[in-house]
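So the protein sequences, as listed, match chains L and U.
Those letters in the first sequence? Residues 1 to 219, per our numbering, in order.
Those letters in the second sequence? Residues 1001 to 1219, per our numbering, in order.
Beta carbons: idealized from backbone N, C-alpha and C, even for Gly.
In this text, all values refer to a predicted model and were calculated from it rather than measured experimentally.
There are 2 protein chains.
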Amino acid sequence: MNRTDPVATPAGRRSAKSLPQRDADATRSRILEAAKKHFSQNSYEGVGVREIAADAAVDPALISRYFGSKEGLFREIAGQAFGAGKFLADGIEELPARVIRILTGEVDLGDWRGGYDPLRFLLSSIGSPTAGPILAKYLERDFLAPLSSSLGGRNRRERAAILAGQIIGFAVMRIVLSISGSDPAEKAASRRVLAEALATCIAPDREPNGKSRSRKPAG
Amino acid sequence: MNRTDPVATPAGRRSAKSLPQRDADATRSRILEAAKKHFSQNSYEGVGVREIAADAAVDPALISRYFGSKEGLFREIAGQAFGAGKFLADGIEELPARVIRILTGEVDLGDWRGGYDPLRFLLSSIGSPTAGPILAKYLERDFLAPLSSSLGGRNRRERAAILAGQIIGFAVMRIVLSISGSDPAEKAASRRVLAEALATCIAPDREPNGKSRSRKPAG
DNA sequence: CGTACAAGTCAACGATCGTTGACATATGGG
DNA sequence: CCCATATGTCAACGATCGTTGACTTGTACG
């Protein structure tokens, strides 16, 4: 909410001179980076502020000072995690290919610096009563809503939810087990089946009580 | 591993006489029930043994005594959570209908006593470095492996993983957001799309390098 | 130069964590 | 009846939790 509440940048930009030992913005960024990493590897309750602070080479007290609380820090990360609709950057018809590329490990997601992964971040704390609702809020705002409006046709909200669920679900399997591992043939098979399943949700919804054309995947 | 290590049933069955104030089996069961509930509502790290004990009307020390540790208690629950292959009870072709019934809320899952839900249980602690590997182990043993062998055709393991991912993924969306809510028409649409997506994975895999028919989602 | 204030340090708070060992009590077989 | 013991109670351990307030130090402006 209030970014510059307890802390405000004091002077104008220093640009590039004598790099000072004290830089609020840089410290803030280091905390955020460390926190993103740790929240991607452990549940919300399982991550301690001292771990984050140690990783960021920062005093633990600064977390409460800069972000109000551990929850505030988490909320700020969640607000950026699903942001900018990167999945929809190339339009809806390119989404399956992009999703598959991400899920099968050929990552082009923007920020994997230091073990951070938005999908892991989401899954790690989805079970927490504190962090869960926060994640739900921003997942809705930054992913589900844009996706829903990108989908044409009827029942777009339901289809968007199922589509998002497929992405998340396969991320679970990829993370929890060691899926899509070695064999390139298996990897190709995964890609194929996954593409088909995703296409099912992206294709405009058909009539529930029309001619009821059978849509078996293979004739 | 060693159930009766520190605790062994002392005497033969007492069946039905004068119900005693001390019953190790009943106490054990009460702890398990309470723990299942709490582990379905909070992450592994977020659940305290004192909460569980209070809910079970039991001294917190008994948890360590009966299950060795909090982790031992969790492991025992995980060992039963995905068990008995209930999803495959009616055969593989009945799985989509069963999954959809469960996911859309018309539950016929065996045990929903007291807020316990195997899918919530799985998701709540999947992010924990302690509980995650335990969940992965039993999910593999009790769900993915049977499902994989139930699926015919090639690449069954990949298809099983994707199928499991779809189930889990839609469970995420149902839990995290309030999906499949009010409108019966929307519910029907969800059911339809979901059924189609599931069928895609269940259907036997096709040739990867055949006539290379273009697979754009919409022409 | 010196002073005002931002930025960071430090120690400690009260709370809760999982676990342990000593102790009390109920229970059933001799 | 009485005692061995299965069962449960209790208090406390050391560790870690998130957070706070007072304090020190760096930095930039007058």
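Is residue i near the ligand ADP, judged by its Cβ being under 7 angstroms from some heavy atom?
| i | result |
| --- | --- |
| G1046(U) | Only the bare structure without any ligand can be found here, which leaves the ligand ADP out of the picture. |
Have a look at the options and flag the residue whose alpha-carbon is nearest the alpha-carbon of residue i.
| i | options | result |
| --- | --- | --- |
| L119(L) | V47(L), E196(L), F67(L) and S43(L) | S43(L) |
| S1029(U) | L1198(U), Q1041(U) and E1076(U) | E1076(U) |
| M1173(U) | F170(L), F67(L) and I175(L) | F170(L) |
| A1197(U) | A1081(U), I1175(U), I1162(U) and P1184(U) | I1162(U) |
| V47(L) | V58(L), A34(L), A57(L) and D59(L) | A34(L) |
| L1103(U) | P1204(U), V1193(U), I1202(U) and T1200(U) | V1193(U) |
| C1201(U) | I92(L), A203(L) and R191(L) | R191(L) |
| E1186(U) | E94(L), N155(L), S125(L) and Q80(L) | N155(L) |
| L88(L) | S150(L), Y66(L), P133(L) and A199(L) | S150(L) |
| F1074(U) | I1100(U), I1092(U) and K1137(U) | K1137(U) |
| F1067(U) | A1188(U), S1124(U) and I1031(U) | I1031(U) |
| I175(L) | I1126(U), P1204(U) and A1199(U) | I1126(U) |
| L1123(U) | I168(L), L139(L), R157(L) and D55(L) | I168(L) |
The alpha helix (DSSP H) that contains residue i, what's its start and end?
| i | result |
| --- | --- |
| T1027(U) | A1024 to F1039 |
| D1055(U) | V1049 to D1055 |
| S1148(U) | A1145 to S1150 |
| F1121(U) | P1118 to S1124 |
| T1200(U) | P1184 to I1202 |
| G1072(U) | K1070 to A1081 |
| R1098(U) | L1095 to L1103 |
| I1063(U) | A1061 to F1067 |
| G1132(U) | A1131 to L1139 |
Does the distance from the CB of residue i to the CB of residue j come in under 8 angstroms?
| i | j | result |
| --- | --- | --- |
| S1128(U) | E1045(U) | yes |
| S1040(U) | F1121(U) | yes |
| L144(L) | A160(L) | yes |
| L135(L) | A61(L) | no |
| K37(L) | G152(L) | no |
| G1072(U) | D1142(U) | no |
| R1101(U) | D1090(U) | no |
| E140(L) | A1189(U) | no |
Could you confirm whether any beta carbon from chain U is found closer than 8 angstroms to the beta carbon of residue i?
| i | result |
| --- | --- |
| F170(L) | yes |
| C201(L) | yes |
| A197(L) | yes |
| P162(L) | Before going on, a small fix: residue 162(L) reads as Ile here, not Pro. Interface residue, yes. |
| V193(L) | yes |
| L73(L) | no |
| I77(L) | no |
| L147(L) | no |
| E186(L) | yes |
| Q80(L) | no |
| S64(L) | no |
| P20(L) | no |
Label residue i either buried or exposed according to how many other C-beta atoms from any shown protein chain fall within 10 Å of its C-beta, with 16 as the threshold for buried.
| i | result |
| --- | --- |
| Q166(L) | buried |
| A1026(U) | exposed |
| Q21(L) | exposed |
| G110(L) | Note that G110(L) has pLDDT 45, beneath the 50 cutoff, so the model's placement of it is unreliable and the number below is only indicative. Exposed: under 16 other Cβ atoms inside 10 Å. |
| S1180(U) | Interpretation of S1180(U) is limited by its pLDDT of 49, a score under 50 that renders its predicted location unreliable; the figure taken from the coordinates is listed afterwards. So S1180(U) counts as buried. |
| D183(L) | exposed |
| P96(L) | buried |
| A57(L) | exposed |
| R50(L) | exposed |
| D1023(U) | exposed |
| D1117(U) | buried |
| E94(L) | exposed |
| A54(L) | exposed |
Does residue i come within less than 8 angstroms of chain L when only Cβ atoms are used?
| i | result |
| --- | --- |
| G1127(U) | yes |
| S1150(U) | no |
| Y1116(U) | no |
| G1165(U) | yes |
| Y1044(U) | yes |
| L1123(U) | yes |
| R1159(U) | yes |
| S1069(U) | no |
| A1034(U) | no |
| A1097(U) | no |
| A1061(U) | no |
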